[in-house]
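Participant: My structure is below; once you've seen it, I'll send some questions.
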Amino acid sequence: MEEDESFYKKFSQMLKDVIKEYEDHRINEIEYLNRVQKIMDSVLSHQDEEFPEEICINDITKAVY
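Residue numbers (our numbering): 100 to 164.
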């Protein structure tokens, strides 16, 4: 978290949103699992889909962006 607080806070909020959708019965178990796994994969690979493809070259270009 100390390494890139905004990155992790964003994914933390995404998880909270998915959990809320599941608890409100707006998504089923399969969709819930798929979305949580996608978030987990993004965090583990430190990938953020908000970056344009040209920016994802390395962490320095993402930090500057």
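Glycine is no exception: its CB is placed at the ideal position from the N, C-alpha and C atoms. Small disclaimer: the values here were computed from a predicted structure and weren't measured.
8 Å is my cut-off, CB to CB: does M113 come that close to chain D?
Facilitator: Going by chain labels, chain D is absent from the structure shown, which holds only one protein chain.
Participant: Which residues mark the beginning and the end of the alpha helix (DSSP H) in which I138 is found?
Facilitator: Here the alpha helix (DSSP H) through I138 covers 128-143.
Participant: Give the straight-line distance between the Cα atoms of Y121 and L114, rounded to the nearest whole angstrom.
Facilitator: Between Y121 and L114, the C-alpha separation is close to 11 Å.
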